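Chains Z and P, in that order, are what the protein sequence lines are.
Counting along the first sequence from 1, when you hit position 430 you're at 430 in our numbering, and nothing is skipped either side.
Counting along the second sequence from 1, when you hit position 81 you're at 1081 in our numbering, and nothing is skipped either side.
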Amino acid sequence: MTQETTAVRQPTRRAFLKGAGSATAITLTIGFEWAGTTRRAVGVAAPSAGTPFAPNAFLRIGADNSVTVIAKHVEMGQGAYTGIATIVAEELDANWSLVRVESAPADATRYANFALGKIQGTGGSSAMANSWMQLREAGAKGRAMLLSAAARQWHVPVTELTVANGIVYHPGSKRQAPFGSLIRTAALIPVPDQVTLKDPKDFKLIGHQVPRVDVPAKVDGSAQFTLDVVLPGMLVALLKRPPLFGATVRSFDASAATAIPGVVKVVQVPRGVAVVANGFWAAKQGRDALKVDWDDVNAEKRSSTAIMDEYRRIAEQPAASARSEGDSAQAIRNAAHKLSASFEFPFLAHAPMEPLDAVVKLTASSCEIWAGDQFQTVDQGNAAKTAGLDPQQVSIHTLYAGGSFGRRANPGSDFIVEAVSIAKACGADGTPIKLQWTREDDLHGGLYRPMYFHKLEAGLSEKGELTGWRHVIVGQSIMADTLFAPIMIKNGIDPTSVEGAATIAYAIPNLTVDLATTKSPVPILWWRVVGSSHTTFAVEAFIDEVATAAGEDGFTFRRKLLEHQPRMKAVLELAAEKAGWSKGPMPKGKGRGIAVAEAFKTFVAQVAEVSVDETGHVKVDRIVCAVDCGTAINPDVIAAQMEGGIGFGLGAVLYGQITLKDGRVEQDNFNSYRVLRMNEMPKVEVHIVPSAEAPTGVGEPGVAPVGPAVANAIFAATGKRIHVLPFPKPSAA
Amino acid sequence: MSTSFVLNGKPITLDADLNMPLLWAVRELAGLPGTKFGCGMALCGACTVHLDGQAIRSCVMPLSGVAGRQVTTVEGLQSKPAKAVQAAWISLQVPQCGYCQSGQVMSATALLEKNTAPTDADIDAAMSGNICRCATYSRIRAAIHTAAQSLKA
């Protein structure tokens, strides 16, 4: 038996260490040592000494009792590292203070996101949902093997053992052993095929206030971002990109750029001309001095106002059907009260705090990438293609990402590919190159949340019943022309264009949702909460108008239409109750509004309270938020994601817009691309619905309802509806 | 083209373009990466450091402007208010992505070093120049009040 288990076990462990080969090296390097600067890993314990016990791809236990959880998802603020570690540590019964997190190497065979198919990546608020059973099993199997090891060492039955806080106990003989003392024996135990997972009532970490693993390093400046990567001989590159989307380099004059002290090289790459220097400041000055002549024959030269005019016309023409039930045209024609409204949504930039950056070390046979990488195996494939290598020759060190909101996960891997193409143009000689975007590059660089035009019509019976609903959406498709198109786009419908609209939860007998997909050279991308970033606004602002026409308040009217949607109804009721909705209208100059959404299988309702002064200046005083995301893995992280989503969404509806003037982006930096600031943050209360359902995501859903809740509150305060985003400036209100 | 100043309590001389922003000098020449780049135009506060005790934006401060003066970065925080701020940031679990938090901590520390009992209006005035795209603002506000309380105790 021992022989056999050894035979089974050893190759597995070796396979892990070898397969992780590059992996092991990566995980041991990440965040620790660069150019002689000692940095610390995430978490509190030091890296373990000796051969660790690695029962599976997600867990390593060291002789020093440290528990290392390997994260297949990027930590970009959403708390994924903490959630991932919590799930493993819970089933393992680990001592939380000894748990640390390492990022996984790019490897779809071990680290795929089940929500995305065979891709390692993070998105769609899926980190917890797709990892839940996988990581519970990973932890539970590790625990079972440690228990077997203790049983073997002490010659007692496993059933007599208990485990808590990283220590295995045999109460009968009063013996105890910390995990680290069991790893040599545990490595000889076969990995069990099946394990019994904990009964949720026994959870000690899940559902409790577990501190985030990344917070201490994010308070003293030691957390490692891509910006902070320093490698021997590293150069810094800034890329001059075309001023119009779709333009290309015709010619360039590098003489003034190369005259700047510190500038090493100026190289042309497919996306523009790069200035490579010995530091940021020289690269920046070099790029400012660089002269490029652009060919803009195929470029987008329209203004955003012209694009919206076109969308408005397209909305009157036949479109693809995303959902059709009953006969909405007839129902609206025959309705006692008819309503219609249109909504206009601008391009939005993600504007994460860390401007995009990536470090690439390229040779003839290898490509090493350091980045806040959100789409590891997609980026690996695109980097390989750019470099002329096999994906296996590309390794990725995933670092903390300084925000993303969708931007770092993009099917074309834009900033990664740029960095690789610059390294290639520089000779692929192994010189590490850091590509650094500036804020201006970020706002001018495209991959925006698309512009959309929505047209809605509704019909009400004499009694105020909603009998018909027609919704037309016009805009670019996020999935079109990406690797996701073949699986995602069916019958001309990109589901990310219509989610939240075609999936409307209200009971409406006659319902039509149509989509007209447009084309433009302006590159677009998902933006936090994706389709629901516009569909929820259109649906929830319009349903409020319908409620008013029906003579009912927004809460009561919605509630009646959600009788068959128990979870959505429950969050609506909870938010209304906690906000004191039943107290009725607020004093003059103040208003209360409500909105509800389902996004990525998480349900969120919010009640907004606003004050509007005589100039039309809006102050959002309070947001009461109710959320049902299934099992609450970390209630404080859930609250933080709701708070953050609310602030992010609020900034967008108040100020957010990227506009084009003759094709040129009019916003340059945070002065013209306004985002929410401290003095504008409302008080936020978050209430979590207790649930035993499997966990769903929280990174994005909190963004969806805040815009319409606030717009509906502004209507309550002023009698004015908002149909064009961002909200009107006070003087124009 | 050398500039001498005091960085985190120690004298330092950097040989660099006098127009180089202090941000890049401390990051790339002095090897202190805690101070972050966010906008390059004093619009976001990610690069906040203390110059003679005042919170300033290092992305627009030329190296020549700090000659002979005292510069403190997040790596050099020592004061009681600074430690209170960092402790409150941990206890209230403020950071999300964390990229702006060095700047937030520097601005909050500068506030508490001058005003041990800031009101919400004081916090708005001192902190509205520091953008957090994760919108951790409610927790930052609460953490500043917590830090102020702990300094009183």
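In this text, a Cβ means the ideal position worked out from N, Cα and C, and glycines have one as well.
Computed from a predicted structure; not experimentally measured.
Check                                                                                                                                                                                         : Outcome
Assuming contact is defined by CB atoms lying nearer than 9 Å, are Tyr81 (chain Z) and Ala94 (chain Z) in contact in what I supplied?                                                         : no
Residues of the region 65-94 of chain Z with a CB closer than 9 Å to any CB of chain P: list them in chain order, please.                                                                     : Glu75, Met76, Gly77, Gln78, Gly79
Taking only three categories from DSSP, how would you classify Trp437 (chain Z)?                                                                                                              : coil
Start and end of the alpha helix (DSSP H) containing Asn130 (chain Z)?                                                                                                                        : 127-154
Is the CB of Ile1012 (chain P) under 9 Å away from at least one CB in chain Z?                                                                                                                : no
Taking the alpha-carbon positions, what's the Ser181 (chain Z) to Val99 (chain Z) distance?                                                                                                   : 16 Å
For Pro701 (chain Z) and Glu91 (chain Z), what's the separation of their Cα atoms in angstroms?                                                                                               : 27 Å
Does Glu90 (chain Z) come out as helix, strand or coil in the three-state DSSP assignment?                                                                                                    : helix
What separation, rounded to the nearest whole angstrom, lies between the Cα atoms of Asp662 (chain Z) and Asp296 (chain Z)?                                                                   : 12 Å
I believe Val215 (chain Z) touches Pro1095 (chain P) by the beta-carbon criterion, under 8 Å. Please report the beta-carbon distance rounded to the nearest angstrom.                         : 6 Å
Does any CB atom of chain P fall closer than 9 Å to the CB of Met353 (chain Z)?                                                                                                               : yes
Quickly, what does DSSP pair Gly735 (chain Z) with across the bridge? List them, please.                                                                                                      : No statement about residue 735 (chain Z) is possible, as the shown extent of chain Z runs from 1 to 733 and does not include it.
Expressed to the nearest angstrom, what Euclidean distance is found between the alpha-carbon atoms of Val360 (chain Z) and Val264 (chain Z)?                                                  : 17 Å
Whose Cβ in chain P lies nearer than 9 Å to the Cβ of Phe670 (chain Z)?                                                                                                                       : Gly1038, Cys1039, Met1041, Leu1043, Cys1044, Ile1131
Below 9 Å between beta carbons is the criterion; list the residues of the region 664-694 of chain Z that meet it against any residue of chain P, in chain order.                              : Asp668, Asn669, Phe670, Asn671, Val675, Leu676, Arg677, Met678, Asn679, Glu680, Met681, Pro682, Lys683, Val684
Could you tell me the distance, in whole angstroms, from the CA atom of Ala384 (chain Z) to the CA atom of Ile416 (chain Z)?                                                                  : 11 Å
Quick check: the Cα distance between Pro242 (chain Z) and Ala299 (chain Z), rounded to an integer number of angstroms?                                                                        : 9 Å
With 9 Å as the threshold, decide whether the Cβ of Glu545 (chain Z) is near any Cβ in chain P.                                                                                               : no
Relative to the alpha-carbon of Ser691 (chain Z), which residue among Z:Asn130, Z:Lys201, Z:Asp621, Z:Thr159 has its alpha-carbon at the smallest distance?                                   : Z:Lys201
My output table needs one value for Ile633 (chain Z): the three-state DSSP class, helix, strand or coil.                                                                                      : coil
Assess, as a yes-or-no matter, whether the region 554-569 of chain Z is touched by the region 505-524 of chain Z under the definition of 3 or more beta carbon pairs within less than 8 Å.    : yes
Please report the Cβ distance between Gly406 (chain Z) and His350 (chain Z), rounded to the nearest whole angstrom; I am assuming they are in contact, meaning their Cβ atoms lie under 8 Å.  : 6 Å
Spatial neighbours of Ala138 (chain Z) within its chain, please: CB distance less than 7 Å, with the 5 preceding and 5 following residues excluded, ordered by chain position.                : Asn56, Phe58, Leu59, Val88
According to DSSP, simplified to helix, strand and coil, what is Val158 (chain Z)?                                                                                                            : helix
Does any C-beta atom of chain P lie closer than 9 Å to the C-beta of Phe347 (chain Z)?                                                                                                        : no
Measure the alpha-carbon distance for Ile61 (chain Z) versus Phe375 (chain Z) and round it to whole angstroms.                                                                                : 27 Å
Comparing the C-beta of Gln1070 (chain P) with each C-beta of chain Z, is any distance below 9 Å?                                                                                             : no
Taking only three categories from DSSP, how would you classify Trp527 (chain Z)?                                                                                                              : coil
Note down the Cα distance separating Thr659 (chain Z) from Trp370 (chain Z), rounded to an integer number of angstroms.                                                                       : 32 Å
Around the Cβ of Gly713 (chain Z), are there at least 16 other Cβ atoms within 10 angstroms (buried) or fewer (exposed)?                                                                      : Note that residue 713 (chain Z) corresponds to Ala in the displayed sequence, not to Gly. Looking at its Cβ environment, which holds 16 or more other Cβ atoms inside 10 Å, Ala713 (chain Z) is buried.
Take Gln393 (chain Z) and list the residues in its own chain whose beta-carbon comes closer than 7 Å to its own, dropping the five residues that flank it on each side.                       : Ser365, Ser366, Cys367, Ala384
Is any beta-carbon of chain Z found at less than 9 Å from that of Ile1123 (chain P)?                                                                                                          : yes
On a Cα-Cα basis, can you pick out the residue from Z:Gly551, Z:Arg674, Z:Gly531 that is closest to Pro705 (chain Z)?                                                                         : Z:Gly531
For a test of the three-state rule: what should DSSP assign to Phe179 (chain Z), helix, strand or coil?                                                                                       : helix
Kindly list the residues whose CB is nearer than 8 Å to the CB of Leu161 (chain Z), restricted to its own chain and excluding five residues on each side of it in sequence; keep chain order. : Leu147, Ala150, Ala151, Val168, Tyr169, His170
Measure how close the beta-carbons of Thr948 (chain P) and Ala1148 (chain P) come, nearest whole angstrom, since I'm counting them as under 8 Å.                                              : A question about residue 948 (chain P) goes unanswered here, because the residues of chain P that appear run from 1001 up to 1153.
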